[in-house]
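Enquirer: Each residue of the sequence shown is one higher than the one before, counting from 0 in numbering that gives the first Met the number 0.
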Amino acid sequence: MSELIVAMDFADPGDLLACAGELKGTVTWCKVGLEAFVLAGPDLVHKLEQLGFQVFLDLKFYDIPNTVAAAVRSACRTGARLLTIHTQGGEAMCRAAMAAAREAGEKRPLIFGVTVLTSFGEGQMPGIAQSPQDFAQFLARSASSWGLDGVVCSGLEAPAIKADTSLLALCPGIRPKGAAANDQARVVTPAMAVQAGADFLVVGRPITRAADPAAAARAILEEMAGASRI
Ligand code: C5P
Numbered sequence: 000m001s002e003l004i005v006a007m008d009f010a011d012p013g014d015l016l017a018c019a020g021e022l023k024g025t026v027t028w029c030k031v032g033l034e035a036f037v038l039a040g041p042d043l044v045h046k047l048e049q050l051g052f053q054v055f056l057d058l059k060f061y062d063i064p065n066t067v068a069a070a071v072r073s074a075c076r077t078g079a080r081l082l083t084i085h086t087q088g089g090e091a092m093c094r095a096a097m098a099a100a101r102e103a104g105e106k107r108p109l110i111f112g113v114t115v116l117t118s119f120g121e122g123q124m125p126g127i128a129q130s131p132q133d134f135a136q137f138l139a140r141s142a143s144s145w146g147l148d149g150v151v152c153s154g155l156e157a158p159a160i161k162a163d164t165s166l167l168a169l170c171p172g173i174r175p176k177g178a179a180a181n182d183q184a185r186v187v188t189p190a191m192a193v194q195a196g197a198d199f200l201v202v203g204r205p206i207t208r209a210a211d212p213a214a215a216a217r218a219i220l221e222e223m224a225g226a227s228r229i
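1) I want to check one thing, is the minimum distance from the CB of residue 31 to the heavy atoms of the ligand C5P below 7 Å?
2) If distances are taken between C-alpha atoms only, which option among 177, 81 and 46 comes closest to residue 113?
3) Beta-carbon of residue 92 versus every beta-carbon of chain B: anything under 8 Å?
4) Could you give the first and the last residue of the continuous alpha helix (DSSP H) run that contains residue 206?
5) Residue 20 by DSSP, collapsed to three states: which one?
6) Which runs of the beta strand (DSSP E) at least 3 residues long sit entirely within the stretch 22-106? Give them in chain order.
7) Would you check if there are 3 or more beta carbon pairs closer than 8 Å linking the stretch 60-73 to the stretch 81-92?
8) Excluding five sequence neighbours on each side, which residues of the same chain lie with their C-beta closer than 6 Å to the C-beta of residue 92?
9) On the CB-based measure, 16 or more other CB atoms within 10 Å of its CB, does residue 57 come out buried or exposed?
10) Just reading off the beta strand (DSSP E) that residue 149 is part of, what are its end residues?
11) Who are the Cβ neighbours of residue 103 in its own chain at under 6 Å, not counting the five residues just before and after it?
12) Span of the alpha helix (DSSP H) holding residue 221?
13) With DSSP run on the structure shown, which of helix, strand or coil describes residue 186?
14) Check whether the Cβ of residue 135 lies closer than 7 Å to any heavy atom of the ligand C5P, and answer yes or no.
15) Measuring alpha carbon to alpha carbon, tell me which residue in 184, 99, 198 and 12 is nearest residue 39.
16) Could you tell me the alpha carbon to alpha carbon distance between residue 52 and residue 216, rounded to whole angstroms?
17) Taking the alpha carbon of residue 45 as the point to measure from, which residue in 59, 79, 37 and 15 has its own alpha carbon closest?
18) Assign residue 137 to one of three DSSP states: helix, strand, or coil.
19) Are the beta-carbon atoms belonging to residue 3 and residue 220 less than 8 Å from one another?
20) Rounding to the nearest angstrom, what Cα-Cα distance links residue 37 and residue 6 in this structure?
21) Give the DSSP bridge partners of residue 5, in chain order.
22) Is it a yes or a no for the stretch 10-28 touching the stretch 206-214, going by three-plus beta-carbon pairs under 8 Å?
23) Does the beta-carbon of residue 172, which I'm using as the reference point, lie nearer than 7 Å to any heavy atom of the ligand C5P?
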């Protein structure tokens, strides 16, 4: 079953918690990213947990292995259930992140590696000649051999990655039919993402900037429920 995660991208923690209050009971997962975490920190994660959400802390760590391991240890203490690192940080960094997460025991968060950001189109990645699809698949194979739990990829790459590895796939760049793409380049609809095998769909602005966020979330959940994996 695919899960919906709402990306709560707000600078003001008050706005974020107001949106969370509207979505409580409709959605179980939410994402806290850099914009909110830099200002409001672990306290915000605790408040979301108290509201009943499972929190995906999307800080996309990329640094030397020792620093990333230390950051993962700190992130585990927030109670977040899912964390991100960049697979481009390489084998030593990814293995250090996994080892640090395992120290948290059975209740450790899942660690997902970002492959190619969904905002990158063909030819836009600095120094990378491969297509985003091919590069994402290459990075996912590496992530699999380094023991990560899953990868962040677009719904366009998910089928090949799921066929090739046993990784979980978390897909941003989701846009219901007719919604604005904003800065996303490699987008798919909620139904396409489910059919592509996405385990988690991350949706931000189409829900958080809707006149009625709970109704927008319900529509996406219905579209997901009506689609089945191919
Ligand atoms: O508003 P929108 O639906 O575009 O939000 C997508 C969310 O997913 C954002 O919070 C963004 O940071 C995140 N994300 C992404 N692409 C990635 C990884 C995360 O868009 N590769």
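Cβ coordinates follow ideal geometry from the N, Cα and C atoms, glycine included.
Expert: Concretely, from the data shown:
1) no
2) 81
3) The chain inventory of the structure shown lacks chain B, comprising one protein chain alone.
4) 204-207
5) helix
6) 28-32, 53-60 and 81-85
7) yes
8) 64 and 67
9) buried
10) 149-151
11) 75
12) 212-225
13) coil
14) no
15) 12
16) 15 Å
17) 79
18) helix
19) yes
20) 15 Å
21) 29 and 202
22) yes
23) yes
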